Amino acid sequence: MSVSAQKVVVVGQGYVGLPLAVRVVEAGHSVVGLDVDEMRVKRLAAGESFAEDVSSPRLMAALNSGRYLLSTDYADAAGFDVCVITVPTPLKDGAPDLSFVESAAQSVAPHLKANATVILESTTYPCTTEHVVCPILETHSGLRAGKDFFLGYSPERIDPGNPTWQLENTPKVVSGIDDLSLQHVEKFYSDVVERTVPVSSPRTAELTKLLENTFRHVNIALVNELAMFCRPLGIDIWEVIDAASTKPFGYMRFLPGPGVGGHCLPIDPSYLSWQVKQALQHDFRFVALANDINSHMPDHVVLRVARGLNTRRKPVNGSRILVLGLAYKRNTGDIRESPSVAVAQGLQKLGANVVAVEPYVDATHLPQDIVCVQLTEEQVASADAVVVATDHDIFDYAMVERVADYVFDACNRCRSQVAERL
21 MSVSAQKVVV
31 VGQGYVGLPL
41 AVRVVEAGHS
51 VVGLDVDEMR
61 VKRLAAGESF
71 AEDVSSPRLM
81 AALNSGRYLL
91 STDYADAAGF
101 DVCVITVPTP
111 LKDGAPDLSF
121 VESAAQSVAP
131 HLKANATVIL
141 ESTTYPCTTE
151 HVVCPILETH
161 SGLRAGKDFF
171 LGYSPERIDP
181 GNPTWQLENT
191 PKVVSGIDDL
201 SLQHVEKFYS
211 DVVERTVPVS
221 SPRTAELTKL
231 LENTFRHVNI
241 ALVNELAMFC
251 RPLGIDIWEV
261 IDAASTKPFG
271 YMRFLPGPGV
281 GGHCLPIDPS
291 YLSWQVKQAL
301 QHDFRFVALA
311 NDINSHMPDH
321 VVLRVARGLN
331 TRRKPVNGSR
341 ILVLGLAYKR
351 NTGDIRESPS
361 VAVAQGLQKL
371 GANVVAVEPY
381 VDATHLPQDI
391 VCVQLTEEQV
401 ASADAVVVAT
411 DHDIFDYAMV
421 ERVADYVFDA
431 CNRCRSQVAE
441 RL
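Just remember that our numbering sits 20 ahead of the position in the sequence shown, which is counted from 1.
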């Protein structure tokens with residue numbers, strides 16, 4: 021419990037902002053959770069959580085504390101002590117789109133008071149906090165950063181559905197535009213997480229986040245490309261990875277799949293390559309290559325399914341294909357940038373009759389062009405092919421292998437004779 025309760029505003033109540041807001045309430049502070057999505061705000065205010073990291077009972081407990089207000093009105097931010105901005109930072113025509121960050125900063129600035137602290141958590145390129153957010157806050161508030169208020173950056177490290185690493189026990193990188201700002205940012209997060217990791221500047225913290233995700237992106241691209249080459253060479257990529265993973269040093273396990281999804285991997289490395297190109301006039305070749313490999317993995321899966329059907333004397337056009345999983349990550353309802361959706365839609369473009377099983381994604385977020393069904397023996401038996409695109413643990417893989425005529429498994433969950441693995 022915090023020694024001195026503060027009024028904290030969390031702008032954005034998505035997969036990053038919601039867990040943060042609830043955790044801050046649990047730390048003893050009063051929280052205003054702002055979001056432009058009226059339907060999301062209504063559902064959250066009713067105690068209905070969409071995030072795996074925040075159960076509905078936990079959300080309801082935060083609401084019942086009387087210290088958690090959900091709102092679409094920035095007037096509720098008045099008098100805040102700390103404001104954390106956790107809004108999306110998508111790509112637009114290949115370039116960073118900071119419109120949500122800019123809008124949030126403009127909306128918060130009129131409510132900024134002396135000695136308050138503003139923290140950006142949205143993933144972005146280095147210098148955004150200092151060169152984009154800071155001028156907006158100063159212009160619209162009339163206050164000076166570092167003198168009248170404090171400003172910093174702390175990258176989010178949310179991993180939806182991770183049972184081991186939650187917000188509170190994941191080390192939190194923190195920064196400030198000056199020493200006093202850093203002190204205030206670190207003090208705030210010390211109430212929320214077990215360990216803070218201070219760094220010298222916001223640009224260092226911003227690049228830290230991009231490095232973390234670019235590291236994953238590049239290594240996943242490596243094993244994805246290996247997966248493409250292994251089958252023609254008569255080698256099982258999964259056996260290779262298992263064997264390599266026995267090495268206790270100098271190796272880290274990454275797995276191939278139908279592509280990469282979520283907000284981080286398809287987008288964040290492009291922020292880094294864009295910044296390098298803009299600032300230094302150099303191409304970040306590793307990122308470009310990883311983007312090319314990972315973005316084409318759904319096409320590779322579609323091609324493999326088509327070939328599998330062809331060897332069974334069945335055309336893709338007119339075949340009934342059951343896709344298991346549409347979320348980008350197993351055991352979650354997050355469908356952002358999901359390669360599994362790209363696989364399903366790619367098969368549809370070839371004329372397949374595609375139906376999917378997706379028990380986690382909210383029905384309002386599912387693609388309108390894909391029909392969803394329950395996973396039953398009847399659905400599996402009536403399919404010309406079953407594609408394991410997202411390997412939710414809830415799926416009955418033993419039943420699928422027993423009933424299906426042909427399974428293409430992009431996630432290494434099926435081992436029977438009817439299954440063909442990536």
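By construction, the Cβ of each residue, glycine as well, lies at the ideal position given by its N, Cα and C atoms.
None of the values given here were measured: they were computed from a predicted structure.
Residue of the options minimising C-alpha distance to residue i
i      : options                        : result
Lys369 : Asp319, Val406, Pro379         : Asp319
Leu200 : Ser210, Thr184, Gly166, Lys229 : Gly166
Arg422 : Met317, Thr410, Val406         : Val406
Asn351 : Asp404, His412, Thr331         : His412
Lys27  : Pro77, Val104, Ser221          : Val104
Leu329 : Tyr380, Lys207, Val427, Leu300 : Val427
Ser91  : Pro110, Ser69, Ser75, Lys62    : Lys62
Gly99  : Arg327, Leu132, Arg356         : Leu132
Buried/exposed call for residue i, threshold 16 Cβ in 10 Å
i      : result
Tyr291 : buried
Asp179 : buried
His302 : exposed
Pro155 : exposed
Contact under 8 Å by Cβ, residue i with residue j
i      : j      : result
Pro146 : Leu227 : yes
Ile341 : Asn373 : yes
Val45  : Tyr94  : no
Val213 : Lys192 : yes
Asn314 : Asn239 : no
Leu140 : Tyr173 : yes
Ala409 : Ser360 : yes
Val321 : Ala225 : no
Ala47  : Asp288 : no
Ser358 : Gly281 : yes
Tyr271 : Ala263 : no
Residue i, DSSP secondary structure in three states
i      : result
Gln26  : coil
Leu344 : strand
Phe269 : coil
Val321 : helix
Val138 : strand
Glu440 : strand
Thr396 : coil
Asp262 : helix
Lys112 : strand
Ile105 : strand
Leu367 : helix
Lys4   : This structure does not reach residue 4, given that the chain is present from 21 up to 442, and the question cannot be answered.
Gly32  : coil
Gly166 : coil
Leu157 : helix
Leu64  : helix
Bounding residues of the alpha helix (DSSP H) (the contiguous stretch that carries residue i)
i      : result
Tyr209 : 199-210
Leu38  : 37-46
Asp288 : 288-300
Phe120 : 119-128
Phe428 : Where Phe428 is concerned, there is no enclosing alpha helix (DSSP H), although the beta strand (DSSP E) it sits in stretches over 427-429.
Beta strand (DSSP E) segment containing residue i, residue limits
i      : result
Phe170 : 170-173
Asn373 : 373-377
Neighbour flag for residue i against chain D, beta carbons, 8 Å
i      : result
Cys154 : Absence of chain D from the displayed structure is noted, only one protein chain being present.
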